[in-house]
Amino acid sequence: MKRIHLVVASCLVLTACNQTTQQRFTKVLPAHHTVLPYSKQTVSVSGGCFPTKLLGVIAHIKERTGRQPILTSGHRHGGKTGSYHRKCMAADIRIPGMSDQAIIEVARTAPGVGGIGRYCNGIVHVDVGPKRTWSHCGRSKRRG
3 MKRIHLVVAS CLVLTACNQT TQQRFTKVLP AHHTVLPYSK QTVSVSGGCF PTKLLGVIAH
63 IKERTGRQPI LTSGHRHGGK TGSYHRKCMA ADIRIPGMSD QAIIEVARTA PGVGGIGRYC
123 NGIVHVDVGP KRTWSHCGRS KRRG
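Read in order, the letters of the sequence shown are residues 3 to 146 in our numbering.
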């Protein structure tokens, strides 16, 4: 009989502790939970260092298209000197079912957008550097 009382008492204590812990984590979670305006193409794509301004550009694209952009490239350690990817101020995105031109049109209306680039594979580059546009298709580079 003592064992039954001990088991019941233990269950009550554990239940009370579990509820307290659950309430504590429920209160903490929303403050730290961030919903990103993009999904990643692969786990290795890095976008955790994006400044608020760039997140705003991507969020604008998501809001205007009604679709979540897929981040194909974010922060890169290697690459060209002066690259906004190396500074964590650029993102390469795609949206399945949308042309790169349609994404570019929406990106142009985003507050704070700087550079907008186009790759032949349908990926669009957006950054928060100075305003400029470019296109890389094959060997030719066209800036405008």
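Backbone N, C-alpha and C fix where the C-beta goes; we use that ideal spot for every residue, glycine too. From a predicted model like this one, the values you see are computed outputs, not experimental measurements.
- DSSP links ARG120 through a beta bridge to VAL126 and SER137.
- Annotation for ALA93: no alpha helix (DSSP H) segment contains it, though the beta strand (DSSP E) segment containing it runs 92-96.
- A residue is called buried when at least 16 other Cβ atoms come within 10 angstroms of its Cβ; ARG120 meets this threshold and is buried.
- The Cβ atoms of VAL130 and VAL59 sit closer than 8 angstroms to each other.
- The shortest C-alpha to C-alpha distance from LYS42 to any of PRO53, HIS77, HIS62 and GLY68 is the one to HIS77.
- Residues of the same chain with a CB within less than 7 angstroms of the CB of CYS139, apart from the 5 flanking positions on each side, are CYS122 in chain order.
- With contacts defined by Cβ atoms closer than 8 angstroms, ALA104 and VAL128 do not form a contacting pair.
- From the listed residues PRO98, LYS55 and TYR40, the smallest Cα separation to PRO113 is found for LYS55.
- For the set VAL115, PRO132, GLU107 and LYS89, the Cα lying nearest the Cα of CYS51 is the one of LYS89.
- Burial of PRO39 is indicated by the presence of at least 16 other C-beta atoms within 10 angstroms of its C-beta.
- Counting along the chain, the unbroken beta strand (DSSP E) around THR74 starts and ends at 72-75.
- Taking 8 angstroms as the upper bound for CB-CB distance, ILE106 and THR67 are not in contact here, some 12 angstroms apart.
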